[in-house]
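Written out below as structure tokens is the structure these notes cover.
So this is what it looks like as structure tokens:
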């Protein structure tokens, strides 16, 4: 049973990668199609219990838009709070990710 689950997860990871690649290709032509690809990838990840480690910061969790700086999001550095602020231009949601100066943690 565990072996079969790992096979499903491997197939799911491949499909998620394909869907994200398609979303990146379609983002300039058709935003809705791109959002649908991201939505499908997230559904597959939820169904087969696959983590979206590196892909987690690539899309808006609110509206499923692929986040590309200058096109679908704005990126700012907030030195007071020491965070990178990413603002989705579709739904106006702001994500804050901490950063540290080299050597200081």
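Residue numbers (our numbering): 11 to 115.
Each residue gets a CB set at the ideal place from its N, CA and C atoms; glycine is no exception.
These numbers come from a predicted model, not from an experiment.
State the beta-bridge partners of residue 69 as determined by DSSP.
For the purposes of this step, residue 69 is taken as residue 59 along the chain shown, with counting starting at 1. Looking at the DSSP assignment, residue 69 forms a beta bridge with 76.
With a threshold of 16 other CB atoms inside 10 Å of the CB of residue 1, please say whether the residue is buried or exposed.
In this structure the chain extends from 11 to 115, so residue 1 is not present and cannot be described.
Taking one C-beta from the region 71-82 and one from the region 40-50 each time, how about it: are there three or more such pairs within less than 8 Å?
yes
Judging by CA-CA distance, which residue of 46, 54 and 109 is the nearest neighbour of residue 23?
Numbered from 1 along the chain shown, position 13 holds the residue referred to as residue 23. Checking every option, the nearest Cα to that of residue 23 belongs to 54.
Might you give, ordered along the chain, the residues of its own chain that have their beta carbon closer than 7 Å to the beta carbon of residue 69, omitting 5 neighbours on each side?
Taking the chain shown and counting its residues from 1, one reaches residue 69 at position 59. So the qualifying residues of the chain are 48, 75, 76 and 77.
For the putative contact between residue 108 and residue 93, defined by C-beta atoms under 8 Å, what is the C-beta separation to the nearest angstrom?
In the chain shown, counting from the first residue as 1, residue 108 sits at position 98. In the chain shown, counting from the first residue as 1, residue 93 sits at position 83. Right, their Cβ atoms sit about 5 Å apart.
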